[in-house]
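Only one structure is covered here, and it is reproduced in the block below.
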Ligand code: C5P
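In this note's numbering, the protein residues as written are 23 to 323.
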């Protein structure tokens, strides 16, 4: 079984739309302690390339288990690239919010890549697995890498970030997700006619991370997609206000949303925030997480 973390983006700087429809970004990913577990087993060694996906989750999900699932796409890519054979069963135990801006789908793809590497004794390096991951989705390489990392290009080019300290996060999740392409489109629409600079990282944020200064980190959180997510889902503004009113060090929409991530000073502070957000009545569900944590990891064979 492979355990794969979700992520928050501490900063997400978005450049203009590229000719291929993607946006160049500069982002800082941090892996958080909310995980999907991905178990891959061989069903029939004589039937080739049949992938049977099932998903279990506490919350009802409408995730397709067909060829459109990122776990399926990852399995197909691995089978083709490494000429694998045999039918497999992919069981996903889902804890990362679906379409929540926390790379839940990417986590499942990452889990399949790492699981198949082990199952077929391919002996791939992390870099090689991340290379396959980049062909599946922009966030998949980070789901494999974990920790805290700078992402450039579409977000798929990673360099580890110099960070110290462990951070306490409180995540306000929503029961209905947001579409990443729709949020990028809304971002373009809101910025129409404006001159958009090349994506860049905040020095204040990098400095806060390298000195484990949670207060400074809270102040430096920044996401260019936040206005777009709030434009499409105005309730997110209210959630951000409630968290900040209750003393969060900082609050940010994670990735393309709708999860809102609040930074707490410590565990006790995080618990206070959970109680305040839960009783506010404006939040669907509240989770606690610590970060950074390691990326996709084989737990048992
Ligand atoms: O790479 P991924 O498949 O996760 O991206 C989903 C969609 O999000 C893309 O089709 C694109 O519309 C948008 N996107 C983008 N720029 C990025 C990453 C994603 O425009 N850097």
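Every residue, glycine too, gets a C-beta built ideally from N, C-alpha and C.
| Check | Outcome |
| --- | --- |
| Closer than 7 angstroms: residue 43 CB and nearest ligand 1 heavy atom | yes |
| Proximity of residue 114 and residue 60 at Cβ, strictly below 8 angstroms | yes |
| Residue range of the unbroken beta strand (DSSP E) whose run includes residue 163 | Counting along the chain, residue 163 falls outside any beta strand (DSSP E), though it belongs to the alpha helix (DSSP H) covering 162–167. |
| C-beta contact flag for residue 212 and residue 236 at 8 angstroms | no |
| Among 190, 203, 253, 97, the one whose alpha carbon lies nearest that of residue 294 | 190 |
| Nearest neighbour of residue 31, chosen from 94, 291, 164 [CA to CA] | 164 |
| Residue nearest to residue 198 in terms of C-alpha spacing, selected from 88, 41, 257, 105 | 257 |
| Check whether residue 33 and residue 50 have beta carbons under 8 angstroms apart | yes |
| Buried or exposed by the 16-neighbour rule on C-beta atoms within 10 Å, applied to residue 82 | exposed |
| Limits of the unbroken beta strand (DSSP E) element including residue 170 | 170–174 |
| Residue interval of the alpha helix (DSSP H) (run including residue 291) | 289–302 |
| Coarse secondary structure for residue 73, derived from DSSP in three states | strand |
| Alpha carbon of residue 289 to alpha carbon of residue 103, nearest angstrom | 44 angstroms |
| Meets three-Cβ-pair contact criterion under 8 angstroms: the segment 153–162 and the segment 127–138 | yes |
| Cβ neighbour criterion (16 or more within 10 Å) applied to residue 119 | buried |
| Residue 206 Cβ short of 7 angstroms to ligand 1 heavy atom set | yes |
| Identified DSSP bridge partners for residue 35 | 48 |
| Proximal residues to residue 181 (C-beta, below 6 angstroms), its chain only, five neighbours per side dropped | 172 |
| Element boundaries [alpha helix (DSSP H), containing residue 202] | 202–212 |
| Helix, strand or coil at residue 88 [DSSP, three-state] | coil |
| Buried or exposed (CB count within 10 angstroms, at least 16 for buried), residue 228 | buried |
| Residue 202: CB within 7 angstroms of a non-hydrogen atom of ligand 1 | yes |
| Between the CA atoms of residue 67 and residue 122 - distance to the nearest angstrom | 36 angstroms |
| Cβ neighbour criterion (16 or more within 10 Å) applied to residue 107 | exposed |
| Residue 47 beta carbon near ligand 1 (any heavy atom closer than 7 angstroms) | yes |
| Span of the alpha helix (DSSP H), counted from its first residue to its last, around residue 236 | 236–242 |
| CA nearest to the CA of residue 47, picked from 79, 126, 223, 207 | 223 |
| Buried or exposed (CB count within 10 angstroms, at least 16 for buried), residue 69 | exposed |
| Short Cβ contact (8 angstroms threshold) for residue 24 with residue 313 | no |
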